[in-house]
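Those sequence lines, one after another, are chains A and B. Just so you know, we're using our numbering here: the first sequence kicks off at 4 and counts up by one. Just so you know, we're using our numbering here: the second sequence kicks off at 4 and counts up by one. Where is the CB? At the ideal position from N, CA and C, for every residue including glycine. Quick caveat, the model's predicted, so the values are computed rather than measured. As structure tokens, the structure follows; a few thoughts come after it.
Number of protein chains: 2
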Amino acid sequence: MKRRNTQSKEAVLSALANSSKAMSQDAIEKKMTVNVDRATIYRILNRFCDDGVIHKIIADDGKQYFALCVKCDDSEKMPDNHFHFRCINCQTIECLPSIVNFSLPAGYQVDRLNCVLVGTCKDCA
Amino acid sequence: MKRRNTQSKEAVLSALANSSKAMSQDAIEKKMTVNVDRATIYRILNRFCDDGVIHKIIADDGKQYFALCVKCDDSEKMPDNHFHFRCINCQTIECLPSIVNFSLPAGYQVDRLNCVLVGTCKDCA
DNA sequence: TCACTATCGCAACAAAGTCGCATTAGTAAG
DNA sequence: CTTACTAATGCGACTTTGTTGCGATAGTGA
Ligand SMILES: [Mn+2]
Ligand SMILES: [Mn+2]
Ligand SMILES: [Zn+2]
Ligand SMILES: [Zn+2]
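Here it is as structure tokens:
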């Protein structure tokens, strides 16, 4: 399946590119100027995830957030191996530069991470 | 509001106590012998969380999981500051003994953590 | 220009969790 | 042992988030 370049796809991508924060489908839709169906936005986002263009974070509110992969692959082999931060005050989620370090009991194998720190961000302190 | 000792409450607590893994409302209900309404189980669980008896983990499947607080408070002031592990194979979630270490950009303040490692557990390797 | 099919819009659906409200049942006082 | 108070429960309705089926639309390359 070769990807096609559609207006919706570009709109979603630019919404994410113009944000320094991770965004939910809801936030992305609000930020877009063109009208795109909810299901379509999710499909576009999931396609981006499959293609490694963006990555998905499950926050402690149970919702999915999406962010551009800025050298996600470069740093290490584990995708998205950095912490995320959710601000209780401004309700935003952002990628932190801190890499997640952990030690495991024997026999465990980690495929991916979903690590979220929750608190107050620097703009809300 | 003083807590009352009810059969439902004890049933939920013993379901959690008899498990080495974190459990969802669904799993808890299945394990209980007495019939208790879904909403009631959630209310009991949330009360336990408020009282510091158990802690809640939001996994990367977006669902809430609950586990007894075994010396959660003792180790440090931050509640639930350890990693959790979700096995893709057996779909279980467990508390890991590893404490989460992180460095933050200036100005950020962390209230709580929700860190989940995803992969294959020792029983499924 | 044309055929192929990825993508879309829409509606229906599913899962997880919450909430209002009338009823039930702990608890402690009398 | 009563009785009054109210925490806790059951039930249904509801919300939110995300997915899926299907017919229609629109990129893409020949
Ligand atoms: Mn990230
Ligand atoms: Mn835990
Ligand atoms: Zn903030
Ligand atoms: Zn396992």
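Quick one: residues with CB closer than 7 Å to any heavy atom of ligand 4, in chain order, please. B:C90, B:N92, B:C93, B:T95, B:T123, B:C124, B:D126 and B:C127
Secondary structure of C124 of chain A, DSSP reduced to three states: Counting from 1 along the first sequence, the entry for residue 124 of chain A is found at position 121. Looking at C124 of chain A - three-state DSSP - the assignment turns out to be coil, as it is neither helix nor strand.
What do you get for E13 of chain B, buried or exposed, if any count of 16 or more other CB atoms within 10 angstroms of its CB means buried? Residue mapping note: residue 13 of chain B aligns to position 10 of the second sequence, counting from 1. Flag for E13 of chain B reads exposed.
So for A109 of chain A, helix, strand or coil by DSSP? Numbered from its first residue, the first sequence carries residue 109 of chain A at position 106. Residue state, collapsed to three classes: coil.
Between the CA atoms of V103 of chain A and D63 of chain B - distance to the nearest angstrom: Within the second sequence, numbered from 1, the residue matching residue 63 of chain B stands at position 60. Within the first sequence, numbered from 1, the residue matching residue 103 of chain A stands at position 100. Distance between the alpha carbons of D63 of chain B and V103 of chain A is about 16 Å.
By how many angstroms is the C-alpha of T36 of chain B removed from the C-alpha of S11 of chain B? The residue given as residue 11 of chain B occupies position 8 in the second sequence. The residue given as residue 36 of chain B occupies position 33 in the second sequence. Each residue's alpha carbon lies about 10 Å from the other.
Would you identify the three-state DSSP class for S101 of chain A, choosing helix, strand or coil? Residue numbering aside, residue 101 of chain A sits at position 98 when the first sequence is read from its first letter. Looking at S101 of chain A - three-state DSSP - the assignment turns out to be strand.
Start-to-end residues for the alpha helix (DSSP H) that takes in C52 of chain A: Residue mapping note: residue 52 of chain A aligns to position 49 of the first sequence, counting from 1. R41 to D53 is the extent of the alpha helix (DSSP H) around C52 of chain A.
Indicate whether the contact test is met: 3 or more Cβ pairs, each with one atom in the stretch 81–92 of chain A and one in the stretch 107–126 of chain A, closer than 8 Å. yes
In terms of DSSP beta bridges, what is A25 of chain A paired with? Taking the first residue of the first sequence as position 1, residue 25 of chain A is located at position 22. Answer by DSSP bridge pairing, in chain order: A:I96.
Do we get a CB-CB distance below 7 Å when we pair T95 of chain B with the residues of chain A? Position 92 of the second sequence holds residue 95 of chain B. Output row for T95 of chain B: interface = no.
State buried or exposed for R6 of chain B, treating a residue as buried only when at least 16 other CB atoms are found within 10 Å of its CB. Here residue 6 of chain B refers to the residue found at position 3 of the second sequence. It is exposed - the Cβ of R6 of chain B has fewer than 16 other Cβ atoms within 10 Å.
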